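A.B. asks:
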Amino acid sequence: MSRRQTVAVVVGLALYALLPPFLKNYGVYLMTLLCVYVMAAMGLNLVVGYAGQMSIGQAAFFGIGAYHVAILMKLGLPFLAVLPLAAGSCFVIGLLLGFPALRVQHHYLAFATLGFNVLVYLVLRNEQGWTGGTFGLAGIPRPTLFGVELDGNLAFFYFTLASTVVLALLLAWLLRSPWGRAFAALRDNPIRAESLGVNITAYTLLAFAIGAACAGVGGAYYAVLVQYIEPSAFNVPASLMMLLAVIVGGSGRFFGPLVGTVVVVLLPEWLRFAQNWYLMVFGFAVVALMVWLPGGVLSLADRWRRARR
Amino acid sequence: MSVFLEVKDVRKYYGAIRAVDGVSFALGPGEIVGVIGPNGSGKTTLFNSILGQIRPTSGAVEFAGEDITGMSPLELARRGIGRTFQTLQVFGKLSVRDNLIVAAQEFKGTMKSRLFAAPDAGLGEHADRMIELFRLQHVATLPAGTLSYGQQKLIDIAMAFMAGPRLVLLDEPCAGVNPSLVDQLRELLIELNRTQGGSFVVIEHNMDFVMRLCPQVICMVEGKVLAAGPPASVQGNRAVLEAYLGN
Amino acid sequence: MADFLQLVFSGAAIGAIYALAALGFTLLWQASGTINFAQGEFVMLPAFAMLFFLKVAGAPLWLAFLLACVVAMLILGYGFKVVVVDPLLKHGVIPLVIATLGLSIGLKSAVKAGYSAEAQPFPAIFPDGLLALGTIRVSYADVGTLLVAGLIVVGLQLFLNRTLTGRAMQAVAQNTESARVLGIDVKQMVLYTFLINAVLASVAALLVTPAYLAKFDMGDSIGLKAFYAAIIGGFNQTRGALLGGVLVGVLENLMGAYVSPAYKEGVALMLFLVVIIFKPEGLLGKAEERKV
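Heads up: the protein sequence lines correspond to chains W, G and F, in order.
If you count the first sequence from 1, position 240 lands on 239 in numbering that gives the first Met the number 0, and the numbers rise without skipping.
If you count the second sequence from 1, position 217 lands on 216 in numbering that gives the first Met the number 0, and the numbers rise without skipping.
If you count the third sequence from 1, position 235 lands on 234 in numbering that gives the first Met the number 0, and the numbers rise without skipping.
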């Protein structure tokens, strides 16, 4: 990253951190929600943008993380103990789901994840004893951090923001490691990568499982943010929104999911007047975006630079 | 002379079409053999049969005493068999330097050790030396996909040599490369053969290139070996001339 | 036992409809590398087009169907290819997948907001009543659906294998470059594929809507199962789509009746996972060689 970019990121982050005290509760909630979705979207970007795979089941992992927190915290476990469990479960489930799909044909993963999402939704809705069925689970407590209660919206916002930054740094480190280079290689040219000894199945599977774990972490924070969860928040449409966030922002760019999540989360807020027509406009806008700007919003900068040259 | 790579009566049939129809040859350590033949004579199919991209209908390929017939490209890579492709195959969005590093990093350490290794996997200097050898210094940090055809071809070839392979199969290294680069390429391959000691199998249409690089040449026509031996004898073979000049 | 056979039969009927959508899906993939996530909406839209011609224009059902086919060929065949697929294919699979996902959301939401969010009744195409086959009784609708779908699949296979155009289309599907060298008009053949897909979707709509009603989200489950059916049967086999579709339909019906109606929707996924673990090329598929 160049110095100018570093400065821009730090200033942006500082502004984001300084804004909430001047906002009403709903504003703080939205800004926290953005952080939560960014975690899941960054994980998905690893799968889609860096490893070149399609996953349409990110919300299922998001849901698995959320239900882990809801069920286990109500049993009295602390948040910081549940968090690694949620991430670990998603990682393992990701491996189990990805293995058969990736072994055959790489685009099969798209459909395997889509079907998996439907299945998870069915389980959440039908296994009432655990999940509360369609009524969901209410009264999820906010976490306590080393004796400090994070009940207040502001305190919880800063906790979530800090966690998002930590996750982002971890992912940045992963992408700079030899693994990150292998991910990019198998995305750019899997056949060539394999002939150079890159185990494309193993790397793809790992990218997918790590992406799933990120969604699990995001879901865990989501559960303690909204304090009430029910199955429909984790159905296929939510997965599509996360996927679109990654693509709209610019997949394979580190800050793509950030821009995309802002668009996808805030656009419905702004387009409320359009009501029923909103989703139609959104759907066709995505088609148009892909036709005219397949690299996403952030690729505009490249295009502009190229035009100036 | 010990035999290192042995291709035994390899055949590949597509229905009634005999793309490769019983090809055998052997290669010792450090040797270079050229494979020539008109378009459609089965050279690339033979290559793909050796390299695990397709499974031969019958026949066997042995490498260093081991039967490698039908092994996947990954298993072959791990045994020290490298290749280049007829069409451009670089990692377009990675920098030239990263292209070279990724070509060797999987041969160092384990999956886990690579996760915690330095970002350049300890291969930065080696990559820089290769970049220097291929005279790519001025473009080392640019994305490979933005470079000229000739430069990408050089990267593709440099990648195949990054991990110090014992055997390299080169599929038309000169195709689409301008004549001034062809000489450089031949010198590079001779240099790499001398320093790394690997064996090469080279498919090429550029006769001059093959004749000056390869001490042994095989001429394939319609899936069969028409002639084999030193370049001069193959070049002078009447059947070869007829196959090339047509009826 | 009679119950069981009846479940199998009605499952086969809905499965035959999955198969029609699966066939179109397979053809598109083979000819142009398009993975169409809006395939379900390609069935939903003709259903509403037929409703429109029936209600607003007062056309009889056969005419409404023909008109819907024409509209589908124009919009979902030609329009889809020219506006969405052609400009996007050069960017690789992912942008196209995203675009078809967007298309799916857009089409669904357009019908929901512009027509109705409620399920719309649709006239029956087969007479009411039951047919006794030995000890079991099956509805005329199920028999008719199976017959029509079966005829279409057989007809399509004859077309692909026996006619010059059909063979040219298969050549394009197997190897575009070789087909071009042989002088086949590749663009024309790919366009035919898109048109055939639109017609198959329209027929599926005609068969499925009387029993399952016309609703904006009716395509969700059909689209997903079409894909699973195609993989289960064998992606490179026309017959495979039929087998896969029928298998999914029958097993869903049995699962719903004997195990748990709540998990009926999960059957296709489970079957898909089992098949790709044990026979990745599909039940009737031939193993393909890697393309370099």
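Even glycine gets a Cβ: it sits at the ideal position worked out from N, Cα and C.
All figures in this text were calculated on a predicted structure; none of them were measured in a lab.
What does Asp-127 of chain G reach in chain W if we use C-beta pairs closer than 9 Å?
C.D. replies: Ordered by position in chain W, no residue passes the 9 Å Cβ test against Asp-127 of chain G, which lies about 16 Å from the chain.
A.B. asks: Give me the residue from G:Arg-193, G:Ala-238 and G:Val-224 with the minimum Cα distance to Glu-30 of chain G.
C.D. replies: G:Arg-193
A.B. asks: Given a cut-off of 8 Å, decide if Gly-64 of chain W and Ala-214 of chain W are closer than it, judged by their beta-carbon atoms.
C.D. replies: yes
A.B. asks: Cutting at 8 Å between CB atoms, please list the residues of its own chain near Leu-62 of chain F, excluding the five before and the five after it.
C.D. replies: The residues are Phe-52.
A.B. asks: Please report the straight-line C-alpha distance between Gly-33 of chain G and Glu-61 of chain G, rounded to a whole angstrom.
C.D. replies: 19 Å
A.B. asks: I'd like to know whether the C-beta of Pro-177 of chain W is nearer than 8 Å to at least one C-beta of chain G.
C.D. replies: yes
A.B. asks: Closer than 7 Å by beta-carbon distance: list the chain F residues that pair up with Ile-246 of chain W, in chain order.
C.D. replies: Ile-97
A.B. asks: Could you list which residues in chain G have their beta carbon closer than 9 Å to that of Asn-188 of chain W, in chain order?
C.D. replies: Under the 9 Å cutoff, chain G gives Gln-88, Val-89, Phe-90 and Gly-91.
A.B. asks: In chain order, what residues of the same chain have a beta carbon less than 8 Å from the beta carbon of Leu-93 of chain G, not counting five sequence neighbours either side?
C.D. replies: Val-101, Pro-142 and Ala-143
A.B. asks: Cβ closer than 7 Å: which chain W residues qualify as neighbours of Asp-97 of chain G?
C.D. replies: Arg-180
A.B. asks: Just to confirm before moving on: does the CB-CB distance between Phe-277 of chain F and Ile-231 of chain F stay below 8 Å?
C.D. replies: no
A.B. asks: Which residues share a DSSP beta bridge with Ile-80 of chain G?
C.D. replies: G:Leu-166
A.B. asks: Leaving out five residues before and five after Val-274 of chain F in sequence, what residues of the same chain have Cβ atoms less than 6 Å from its Cβ?
C.D. replies: Ile-231
A.B. asks: CA-CA distance, Leu-50 of chain F and Phe-64 of chain F?
C.D. replies: 9 Å
A.B. asks: What are the residues in the segment 274-294 of chain W lying within 7 Å of chain G by C-beta distance?
C.D. replies: none
A.B. asks: Per DSSP, what kind of secondary structure is Met-219 of chain G in: helix, strand or coil?
C.D. replies: strand
A.B. asks: Less than 8 Å between CB atoms is the rule here; does Val-101 of chain G satisfy it with respect to chain W?
C.D. replies: yes
A.B. asks: Reducing DSSP to helix, strand and coil, say where Glu-241 of chain G ends up.
C.D. replies: helix
A.B. asks: How would you list, in chain order, the residues of chain W whose beta-carbon sits under 9 Å from the beta-carbon of Phe-193 of chain F?
C.D. replies: Result: empty, since nearest Cβ-Cβ is about 16 Å, beyond 9 Å.
A.B. asks: Within 10 angstroms of the Cβ of Ile-156 of chain G, are there 16 or more other Cβ atoms? Answer buried if so, exposed if not.
C.D. replies: buried
A.B. asks: Taking 8 Å as the threshold (C-beta atoms), are Ala-20 of chain F and Ile-38 of chain F in contact?
C.D. replies: Per the sequence presented here, residue 38 of chain F reads as Gln, with Ile not at that position. Contact: yes.
A.B. asks: So, with DSSP's three-state summary, where would you put Lys-11 of chain G?
C.D. replies: strand
A.B. asks: Distance check for Asn-47 of chain G and Ile-53 of chain G, CA to CA, integer angstroms please.
C.D. replies: 6 Å
A.B. asks: Please classify Arg-134 of chain G: does DSSP put it in a helix, a strand, or coil?
C.D. replies: coil
A.B. asks: Is the distance from the Cβ of Arg-180 of chain W to the Cβ of Asp-127 of chain G below 8 Å?
C.D. replies: no
A.B. asks: For Ala-57 of chain W and Phe-90 of chain W, I'd like the C-alpha separation in whole angstroms.
C.D. replies: A small fix is needed here, since residue 57 of chain W is Gln in this sequence, not Ala. Computed Cα separation, rounded: 12 Å.
A.B. asks: Report yes or no: do three or more beta-carbon pairs, one from the segment 152-162 of chain F and one from the segment 215-222 of chain F, lie closer than 8 Å?
C.D. replies: no
A.B. asks: Three or more C-beta pairs under 8 Å: does that hold for the segment 96-111 of chain F against the segment 273-291 of chain W?
C.D. replies: yes
A.B. asks: Between the segment 206-232 of chain F and chain W, which residues of the former have CB atoms less than 9 Å from a CB of the latter, in chain order?
C.D. replies: Asp-219, Ser-220, Leu-223, Phe-226, Tyr-227 and Ile-230
A.B. asks: Where does Arg-17 of chain G sit, in a helix, a strand or coil, going by DSSP?
C.D. replies: strand
A.B. asks: What do you get for Lys-152 of chain G, buried or exposed, if any count of 16 or more other CB atoms within 10 angstroms of its CB means buried?
C.D. replies: buried
A.B. asks: Run through the DSSP bridge pairs and tell me what Ala-131 of chain F is partnered with.
C.D. replies: Beta bridge pairing from DSSP links Ala-131 of chain F with F:Arg-136.
A.B. asks: Quick one, which residues of the segment 192-212 of chain W are near chain G if we go by CB-CB under 9 Å, in chain order?
C.D. replies: Answer set for the segment 192-212 of chain W: Ala-192, Glu-193, Ser-194, Leu-195, Gly-196, Val-197, Asn-198, Ile-199, Thr-200, Ala-201, Tyr-202 and Leu-205.
A.B. asks: Arg-3 of chain W to Pro-230 of chain W, Cα distance in whole Å?
C.D. replies: 43 Å
A.B. asks: Near Ala-183 of chain W, what residues of its chain come up, given a Cβ to Cβ distance below 7 Å and the 5 sequence neighbours on each side ignored?
C.D. replies: Tyr-49
A.B. asks: Evaluate Asp-187 of chain W with the Cβ neighbour count: other Cβ atoms within 10 Å of its Cβ, from every protein chain shown; 16 or more gives buried, anything less gives exposed.
C.D. replies: Buried: at least 16 other Cβ atoms inside 10 Å.
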